[in-house]
Each structure stands twice: as C-alpha cells, then as structure tokens.
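Since the structure comes first, as structure tokens, the remarks are kept for the end.
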Amino acid sequence: MLASGATAQRRTGGGGGDGWYTNPVAAGDYPDPSIIRIGRDYWATATSSEWAPEFPLLHSRDLVNWEIVGAVFQQRPAWSVGSYWAPEISRHRGRIYIYYVARKKGGPLCVAVATAR
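In the numbering used here, the protein residues as written are 1345 to 1461.
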C-alpha cells in the first residue's frame, strides 16, 4: 500500500526503452475502451456517442504510445442515427468483430455488429 501523496512507477518493456514509463495523458475522450492484440499490434476503440468519426481506431505496439489511425466507420451505418457507445472488439477465425450499441432511426437503442477481415 502506498502512503497518501506517494507516486508509483512501473517497470515494463514499453515506453522509452529504459524499463520505466508513466502513462501519457492522451488528448480527447475515450470512454468504454476495448483493446485487442493481433500479433505484435494492439488495436483499440472507444465510445464516440454523437461525435464523428464513429468509434475512433487507435494503434499501439507497447500499450503506452497510441496513435489514431482511422475509425471503425467512415460513415454512420444507414440504419442508425446516433448514441454510438460501448464497442467491444473480438477476433474469431481471422475475422474481426466489433459489437456496439447505436440508436435506430425513429426507434430504440440496438445492439449491432460490424465485421472485417
């Protein structure tokens, strides 16, 4: 247990290569993150709610340094109107699945899935 006001650092292979790092503060808002490892790469996405692009796509090799490389959707799915939240990335038999919630045009919130190879 750390005393009140104390700070902690962790030893790891990520960061600057010297075995020590502090998690950088990333600009933006990334609630409900989901991360998957594919080979040496880590991919992440997060809730975007009403903001575009829907579900930003981030990439990292060390879980410390992240870069925005695109978005899950370049355009909103035609059936939806907003409330994009809680994406979850998974992989099965070489295919990527992203389960998410969005509001149906003129209707309720729905659970949907997007797929990619």
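Glycine included, every Cβ here is placed at the ideal spot set by N, Cα and C.
As the structure is a prediction and not an experimental result, all values here were calculated from the model.
Leaving aside the five residues before and after V1457 along the sequence, list all residues of the same chain whose C-beta is less than 6 Å from its C-beta, in chain order.
-> On the sequence shown, position 113 is the one that residue 1457 refers to. Same-chain partners within the cutoff: Y1441 and Y1443.
In the DSSP assignment, what are the bridge partners of T1389?
-> Indexing the sequence shown from 1 puts residue 1389 at position 45. Answer by DSSP bridge pairing, in chain order: S1378.
Between the Cα of R1384 and the Cα atoms of R1461, R1435 and R1405, which residue gives the shortest distance?
-> For the purposes of this step, residue 1384 is identified with residue 40 of the sequence shown, where counting begins at 1. Distances from the CA of R1384 to each of R1461, R1435 and R1405 were compared; the closest alpha carbon is that of R1405.
By how many angstroms is the C-alpha of T1391 removed from the C-alpha of P1397?
-> In the sequence shown, counting from the first residue as 1, residue 1397 sits at position 53. In the sequence shown, counting from the first residue as 1, residue 1391 sits at position 47. Approximately 10 Å between the Cα atoms of the pair.
Can you give the beta carbon distance from A1388 to L1402, rounded, assuming they're within the 8 Å contact cut?
-> Position 44 of the sequence shown, counting from 1, holds the residue named residue 1388. Position 58 of the sequence shown, counting from 1, holds the residue named residue 1402. Approximately 4 Å separates the beta-carbon atoms of A1388 and L1402; this is inside 8 Å, confirming the contact.
Kindly list the residues whose CB is nearer than 7 Å to the CB of I1382, restricted to its own chain and excluding five residues on each side of it in sequence; keep chain order.
-> Numbered from its first residue, the sequence shown carries residue 1382 at position 38. Correct list, in chain order: R1435.
Flag this pair as yes or no: are the beta carbons of A1460 and S1424 separated by less than 8 Å?
-> Mapped onto the sequence shown, residue 1460 falls at position 116. Mapped onto the sequence shown, residue 1424 falls at position 80. Contact flag unset, no.
Span separating the alpha-carbon of S1348 from that of V1369 | On the sequence shown, position 4 is the one that residue 1348 refers to. On the sequence shown, position 25 is the one that residue 1369 refers to. The pLDDT assigned to S1348 is 40, lower than 50, so where the model puts this residue is not dependable; a value taken from the coordinates is nonetheless given after this. Between S1348 and V1369, the C-alpha separation is close to 22 Å.
Terminal residues of the continuous beta strand (DSSP E) containing K1326?
-> Not covered by the structure: residue 1326. The range shown for the chain is 1345 to 1461.
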